[in-house]
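Residue numbers (this note's numbering), protein chains in the order written: chain A, 559 to 767; chain B, 559 to 767.
Think of the CB as a built atom: it goes at the ideal place given N, C-alpha and C, for glycine as much as any other residue.
Just so it is clear, the structure is predicted and the values come from calculations on it, not from any experiment.
Taking it in order: structure first as C-alpha cells, then the write-up.
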C-alpha cells in the first residue's frame with residue numbers, strides 16, 4: 559500500500575471483527591517490518607507479549623478499565639519497554655556489542671567506553687531510564703501501527719490501564735515500563751470508520767523561544 | 559512510495575548533501591503527514607524547533623558532541639516532548655477539550671473527570687510525566703522519519719547531546735524533555751548507503767513470563 563494511504567487511513571479503531579483472525583504469519587510479517595525501527599545505540603529495548611486466548615485477554619481487560627476492544631480484537635499486545643535495556647546486565651547489550659564488533663563498528667578495547675556512554679546518557683536517573691525505554695519503544699510501536707495498516711489491519715493503542723495491575727497479572731518483571739497496550743485486528747465493517755480527529759498544524763507544532 | 563520500500567530503505571544516514579536544500583513546503587508536507595500520529599487522549603505533546611541557519615546548527619552541534627551531521631544537514635530539528643502536556647495549564651489541553659466537545663465526544667460536565675483522568679494516568683511521578691511525553695513524542699518522531707523517507711528524504715535521529723546544554727543554548731523551558739535531535743536532508747550520493755544493522759527477530763521480541 560502507498561505510504562500516504564497507510565498513514566492517512568490509520569485510526570485508533572474501537573470495533574474489531576471478532577470473527578476474523580490475524581494469522582500468525584501475518585503478525586510475524588508486521589512485527590518484522592517494525593523491527594527495522596532505529597533506537598539508541600541500536601539497543602532495541604522493546605518486547606511484546608502476544609495475547610490471543612480469551613482467558614488472557616479478559617484478564618488484561620480487567621486491568622484496562624474493562625475496555626471491550628481488549629478482548630474483541632483477535633490479538634492484543636502488551637508492549638514492554640525495558641528501562642534497563644542500556645545496562646551491562648541486559649543480554650541484548652552484549653549481543654549488540656558483539657554484532658558491532660562483527661560489523662567492524664566497535665573494537666573489544668571500546669567495551670569500557672561503550673558502557674560508560676550508555677550509563678551517562680540513559681542511567682543517571684529514574685526519569686532518564688524511563689525516557690530511554692519509552693522513547694525507543696514509542697518509535698517501535700508507531701512502526702507497528704503503520705506496518706499493521708500496510709497489510710490491511712487496524713490497531714488501537716491504549717494507555718487506560720493499571721501498569722501495576724497488568725504487571726502482576728502477567729508476571730512481568732519490574733524493570734519493564736508498559737507504555738501501551740495495542741489491539742490488532744480487522745475493522746468491523748458493520749461499523750463506520752470514524753473521521754480523523756483534530757490535529758495540530760505545522761504552525762502549532764513548530765516553536766521558537 | 560510503497561510502505562514497504564519506505565520502511566525498509568530508512569537508515570540513520572551519516573552523510574547529508576549540504577548543497578541540496580529541503581524546501582520549506584516539503585518540510586511542511588512531512589510534518590503534516592506525521593501530525594496524524596495518535597497520542598494519549600489525542601494530546602499531541604510534541605513540538606519542533608526547526609534549525610536551518612548555519613550559526614544555529616553550529617551552536618547545536620557544540621552541545622551534540624560535535625557531530626558533523628548536525629550542521630551538514632540542511633535542516634536539524636530539536637524534537638521537544640512536553641512533560642506537562644497533560645496538565646490543566648497546557649493550552650493544548652483546553653484546545654483538546656473544546657475540540658472533543660465540538661465533535662460530541664465530551665460534555666462540559668466531564669471537565670473535572672477529564673482533568674482527574676489525565677492527572678492519575680500521567681501526573682503521579684516524574685517518571686510517569688516523562689513517559690507520557692517521550693512515548694507520544696516517540697510515536698511522532700517515528701512517523702516523521704518515515705514520512706520524510708516517503709518523499710525521498712533521509713534522517714538521522716540522535717541522542718548524543720547534552721539536554722541541559724541544548725536547553726540553555728536555545729532558551730527551552732524546563733518542562734520540555736528532549737528525546738532526540740533529528741537531522742533531515744538528502745543523502746550524499748557520493749557516499750554508500752550503509753547496509754541495515756542487525757535487528758531482533760520476531761522470536762527475540764516476543765516474550766512470556
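If contact is defined by three or more beta carbon pairs under 8 Å, each pair taking one atom from either stretch, is the region 701 to 710 of chain B in contact with the region 725 to 737 of chain B? no
Measuring straight from C-alpha to C-alpha, what distance separates residue 601 of chain B and residue 660 of chain A? 43 Å
Give a yes or no on whether the minimum CB-CB distance between residue 672 of chain A and chain C is below 8 Å. The chain labelled as chain C is not found among the protein chains of the depicted structure, namely A and B.
Considering only the alpha carbon of each residue, which of A:646, A:633, A:668 and A:623 lies closest to residue 720 of chain A? A:623
Indicate the three-state DSSP secondary structure (helix, strand or coil) for residue 632 of chain B in the structure shown. Of the three classes helix, strand and coil, the one that applies to residue 632 of chain B here is coil, per DSSP.
Can you list, in chain order, the residues of the region 665 to 695 of chain A whose Cβ is nearer than 9 Å to any Cβ on chain B? 675, 679, 680, 683, 684, 685, 686, 687, 688, 689, 690, 691, 692, 693, 694 and 695
For residue 595 of chain B, the nearest candidate out of A:757, A:764, A:749 and A:761 (CA to CA): Closest by C-alpha distance to residue 595 of chain B, out of A:757, A:764, A:749 and A:761, is A:757.
Look at the alpha carbon of residue 718 of chain B and the alpha carbon of residue 679 of chain A, and state the distance between them as a whole number of angstroms. Those two C-alpha atoms are separated by around 7 Å.
Does any CB atom of chain B fall closer than 8 Å to the CB of residue 717 of chain A? yes
Kindly give me the distance between the Cβ atoms of residue 751 of chain A and residue 628 of chain A, rounded to whole angstroms, as I take these residues to be in contact under 8 Å. Going by Cβ atoms, the distance from residue 751 of chain A to residue 628 of chain A rounds to 20 Å, so no, they are not a contact pair.
According to DSSP, what are the bridge partners of residue 560 of chain B? A:560
Can you tell me which of the three DSSP states residue 565 of chain A falls into? helix
Find the residues of chain A that neighbour residue 728 of chain B, judging by a C-beta separation of less than 7 Å, and give them in chain order. The answer, in chain order, is 767.
Give the range of the alpha helix (DSSP H) segment to which residue 658 of chain A is assigned. 649 to 660
Less than 8 Å between the C-beta atoms of residue 616 of chain B and residue 635 of chain B, yes or no? no
Cβ-based neighbour list, residue 655 of chain A, same chain, cut-off 8 Å, excluding 5 preceding and 5 following: 664, 669 and 672
Is there at least one Cβ from chain A nearer than 8 Å to residue 744 of chain B's Cβ? So no, residue 744 of chain B is outside the interface.
Nearest to residue 620 of chain B (by Cα), restricted to the options B:722, B:675, B:597 and B:734: B:722
If we count the other Cβ atoms within 10 Å of its Cβ and call it buried at 16 or more, is residue 767 of chain B buried or exposed? exposed
So if DSSP puts residue 734 of chain A in a beta bridge, which residue, or which two residues, is it bridged to? A:640
Given that a residue counts as buried once 16 or more other Cβ atoms are within 10 Å of its Cβ, and exposed if not, what is residue 593 of chain B? Here residue 593 of chain B is buried. Its C-beta has 16 or more other C-beta atoms within 10 Å.
Give me, in chain order, the residues of the same chain whose beta-carbon lies closer than 8 Å to that of residue 633 of chain B; leave out the 5 immediate sequence neighbours on both sides. 580, 585, 608, 609, 610, 741, 742 and 743
Inspect the beta-carbon positions of residue 823 of chain A and residue 695 of chain A and report whether they are closer than 8 Å. Residue 823 of chain A falls outside the range modelled here, since chain A spans only 559 to 767, and no answer is possible.
Quick one: give me the first and last residue of the beta strand (DSSP E) that residue 605 of chain B is part of. In this chain, the beta strand (DSSP E) harbouring residue 605 of chain B covers 604 to 609.
Please work out which residues of its chain come closer than 7 Å, Cβ to Cβ, to residue 646 of chain A, disregarding the five sequence neighbours upstream and downstream, and give them in chain order. 673
How many angstroms separate the CA atom of residue 571 of chain B from the CA atom of residue 745 of chain B? 7 Å
So residue 697 of chain B packs on residue 603 of chain B, CB below 8 Å; how close in whole Å? The pair is not a contact, with the Cβ atoms about 10 Å apart (cut-off 8 Å).
Just list the beta strand (DSSP E) runs in the region 649 to 725 of chain B, keeping only unbroken ones of 3 residues or longer that don't cross its boundaries, in chain order. 712 to 716
In chain B, what lies closer than 8 Å to residue 784 of chain A by C-beta? What is shown of chain A runs 559 to 767, which leaves residue 784 of chain A out entirely.
Could you tell me if residue 706 of chain A is buried or exposed, where buried requires 16 or more neighbouring beta carbons within 10 angstroms of its beta carbon? buried
Mind checking whether residue 692 of chain A and residue 693 of chain B have CB atoms under 8 Å apart? yes
What does the alpha-carbon distance come out to for the pair residue 683 of chain A and residue 715 of chain A? Cα-Cα distance, rounded: 27 Å.
Please list, in chain order, all residues of the same chain as residue 708 of chain A whose beta carbon is under 6 Å from its beta carbon, the five residues on each side excluded. 559 and 564
Reducing DSSP to helix, strand and coil, say where residue 741 of chain B ends up. strand
Leaving aside the five residues before and after residue 598 of chain B along the sequence, list all residues of the same chain whose C-beta is less than 8 Å from its C-beta, in chain order. 644, 679, 680, 690, 693 and 694
Report the three-state DSSP secondary structure of residue 767 of chain A (helix, strand or coil). coil
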